[in-house]
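Only one structure is covered here, and it is reproduced in the block below.
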Amino acid sequence: MLNIVLLEPEIPANTGNIGRTCVAAGACLHLIGPLGFSLSEKALKRAGMDYWKDLDVTTYIDYRDFLEKNPGAKIYMATTKAQKMYTEVNYEPDCYIMFGKESAGIPEELLVQNRENCVRIPMMEQIRSLNLGNSAAIVLYEALRQNGFAGMETAGELHYLQWSGS
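The letter at position 92 of the sequence shown is residue 91 when you use numbering that gives the first Met the number 0, and the numbering goes up by one with no holes.
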């Protein structure tokens with residue numbers, strides 16, 4: 000199962016949105032503190048809608064706690080500063096994809112220590128960064144694509160009509 004890791008997230012609506020995406024993708028969400036909000040905040044629940052109850056979410060006191068509880072975890076760090084694009088790595092089915100807090104990203108000390116596992120989403124030069132929820136979805140769905148969308152539905156049904164030829 001793929002894992003999304005948020006390091007010190009600050010905005011509850013982003014975390015709620017990412018939680019909903021994790022439920023849709025069958026991924027686990029890991030929240031590393033300190034968090035910039037309470038897990039009971041309305042904005043978190045509103046963005047996650049009624050999916051939050053179905054989310055596999057684990058919280059950690061800090062980065063050290065995360066590492067201790069996930070020994071040997073293969074961690075990819077998403078950052079605007081990486082040299083490699085997110086499409087240039089092979090995501091293992093049980094890897095962890097980490098995103099930093101909205102205001103500062105992942106600390107550069109961690110990036111330097113994990114240079115080979117840092118990935119970025121290409122964007123125009125004048126843009127500082129994408130929204131955290133969008134970034135998480137982009138990289139998570141690339142990892143899912145690489146793993147053949149294992150266990151996911153490939154086609155949906157219309158509510159009132161039928162696809163022609165069905």
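Every residue gets a Cβ at the ideal spot worked out from N, C-alpha and C, and that includes glycine.
Extent of the continuous alpha helix (DSSP H) to which Thr-79 belongs: Note, Thr-79: premise wrong, no alpha helix (DSSP H); not H, not E.
query: Just reading off the beta strand (DSSP E) that Ile-31 is part of, what are its end residues?
result: 27 to 31
message: Starting from Arg-114, trace the alpha helix (DSSP H) in both directions and tell me its first and last residue.
response: Counting along the chain, Arg-114 falls outside any alpha helix (DSSP H), and DSSP gives it neither H nor E.
- prompt: Taking just the CA atoms, how far does Trp-162 sit from Met-151?
  reply: 20 Å
message: Given 7 Å as the limit, tell me if Met-84 has its C-beta closer than that to any heavy atom belonging to the ligand MN.
response: Among the components of this structure there are no ligands whatsoever, and the ligand MN is therefore not found.
task: Keeping to the same chain, check which residues put their C-beta closer than 7 Å to that of Val-56; ignore five residues upstream and five downstream.
output: Gly-18, Leu-28 and Leu-30
field: Boundaries of the alpha helix (DSSP H) in which Tyr-95 is found, first to last residue
entry: Note, Tyr-95: premise wrong, no alpha helix (DSSP H); beta strand (DSSP E) at 95 to 98.
task: Would you decide whether Met-202 is buried or exposed? Buried here means 16 or more other CB atoms lie within 10 Å of its CB.
output: In the structure displayed, the chain extends from 0 to 165; residue 202 sits before or after that span and is not available.
- request: Quick one: give me the first and last residue of the alpha helix (DSSP H) that Leu-66 is part of.
  value: 62 to 68
field: Nearest residue (CA-CA) to Phe-36, options Asn-13, Tyr-50 and Cys-94
entry: Asn-13
For Leu-131, three-class secondary structure by DSSP: Here Leu-131 sits in helix by DSSP.
task: Measure how close the beta-carbons of Leu-139 and Ile-3 come, nearest whole angstrom, since I'm counting them as under 8 Å.
output: 6 Å
- prompt: Between the C-alpha atoms of Val-111 and Lys-100, what's the straight-line distance to the nearest angstrom?
  reply: Answer to the nearest angstrom: the Cα atoms are 17 Å apart.
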